[in-house]
Amino acid sequence: MKIKPWLFLTISALVITGALALSTAYEARQDELRALEQECDQQLQQLREMREQLEDASERLQELETMLLNLQRTELIMNGAPGALSPSRGGRVSVVNMPVTTPSGFSAARFEQAFAGTLLEGLGSALVQAEAETGINALVLAAIAAHESGWGRSKLARDKNNLAGLGAYDGREYSAGIKFDSRTASIMFLAELLAVHYAPGGCYYGSSHDLQGIGARYASDPRWAEKVAGCMRVIMQRAEVEA
141 MKIKPWLFLT
151 ISALVITGAL
161 ALSTAYEARQ
171 DELRALEQEC
181 DQQLQQLREM
191 REQLEDASER
201 LQELETMLLN
211 LQRTELIMNG
221 APGALSPSRG
231 GRVSVVNMPV
241 TTPSGFSAAR
251 FEQAFAGTLL
261 EGLGSALVQA
271 EAETGINALV
281 LAAIAAHESG
291 WGRSKLARDK
301 NNLAGLGAYD
311 GREYSAGIKF
321 DSRTASIMFL
331 AELLAVHYAP
341 GGCYYGSSHD
351 LQGIGARYAS
361 DPRWAEKVAG
371 CMRVIMQRAE
381 VEA
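Just add 140 to the spot in the sequence shown (first one is 1) and you have our numbering.
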């Protein structure tokens, strides 16, 4: 049977139109799928970011809890509470026989609260960093600096950034004192000195790694440990009052 030209053209047009419609619908569907895929990828990325934020928040919370526990233990030791810490040699722990590697629980902000109005302002971050890197209690470092420098007023502190009387000795306190590029360098030097040379096996080890043992070689004053301990109490009190 012979198909008439006009019918052939009509059928062809319908076929082409249908094909075009299907192609257009297919492309639209593909566009929808691509948009949906992109939206899913964005949502997945947001979920990953939220998970990372939650993990960071959890780690920060754990750090804060640990800091609080360390601070509470420091306060117990300051108050002479029994059982605050059990030293290997036995007996009650006091400020002068507390191991200097005991975590302080102090933050940079708490130090700044304690140093407000003194010439030791601005040392909070350096003290916290020194404890993190060497393990030496930042409150001990702060108290030594406060005692040796007269709360930052000494000539060594002002002219040489030497906050701990490092290198100075009786009769030649200023001339023999080490000069540092910054107060931060002075604090880090002190922390490393206590962590290495005043620790068991170190060349300045004085039979215990606490203020009593350190004072035996660090200073000629037999009451050095008690005076540094007094500065620790003052710093603690000032931080509590300001807080």
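We put the beta carbon where it would ideally sit given N, CA and C, even for glycine.
Where residue i sits in the DSSP three-state scheme
i, result
"Ser326", "helix"
"Val235", "coil"
"Cys180", "helix"
"Asp299", "helix"
"Ser348", "coil"
"Asp171", "helix"
"Asp321", "coil"
"Arg363", "coil"
"Tyr166", "helix"
"Val240", "coil"
"Phe255", "helix"
"Glu261", "coil"
"His337", "coil"
"Ile354", "helix"
"Asp250", "Just to set this straight, residue 250 is Arg in the shown sequence, not Asp. DSSP places Arg250 in helix when its eight states are reduced to three."
"Gly275", "coil"
"Ala331", "helix"
"Ser289", "helix"
"Ser294", "coil"
"Gln377", "helix"
"Leu306", "coil"
"Ala282", "helix"
"Ala316", "coil"
Integer Cβ distance of residue i from residue j, believed to fall under 8 Å
i, j, result
"Leu334", "Val240", "6 Å"
"Ala254", "Ala379", "4 Å"
"Ala278", "Glu271", "4 Å"
"Leu291", "Leu263", "Note that residue 291 is Trp in the sequence shown here, rather than Leu. Not confirmed; about 11 Å, so no contact."
"Lys300", "Phe320", "6 Å"
"Gly245", "Thr214", "5 Å"
"Ala359", "Ile276", "So it is not a contact: roughly 17 Å between Cβ atoms."
"Ser347", "Gly341", "No, Ser347 and Gly341 are not in contact; Cβ-Cβ is about 12 Å, not under 8 Å."
Proximity winner among the options, relative to residue i (alpha-carbon distances)
i, options, result
"Ile318", "Gly307, Ile327 and Met328", "Gly307"
"Met218", "Met238, Glu199 and Leu173", "Met238"
"Ala282", "Leu351, Arg191 and Ser163", "Leu351"
"Thr324", "Ala365, Thr206 and Ala266", "Ala266"
"Arg357", "Tyr345, Ser234 and Leu184", "Tyr345"
"Leu211", "Arg191, Phe251 and His337", "Phe251"
"Leu303", "Leu173, Ser326, Val235 and Ser315", "Ser326"
"Asp361", "Cys343, Gly305 and Gly220", "Gly305"
"Leu216", "Val235, Glu203 and Met207", "Val235"
"Trp364", "Gln202, Thr214, Ala286 and Val336", "Ala286"
"Val374", "Gly341, Ala249 and Val280", "Val280"
"Ser294", "Thr258, Arg191, Ser198 and Ala331", "Thr258"
"Leu209", "Thr242, Ile354, Gln178 and Ser198", "Thr242"
"Arg298", "Glu203, Ala248, Ser322 and Tyr309", "Ser322"
"Ser247", "Ile284, Gly220, Val233 and Thr206", "Thr206"
"Glu366", "His337, Ser315, Cys343 and Ile284", "Ile284"
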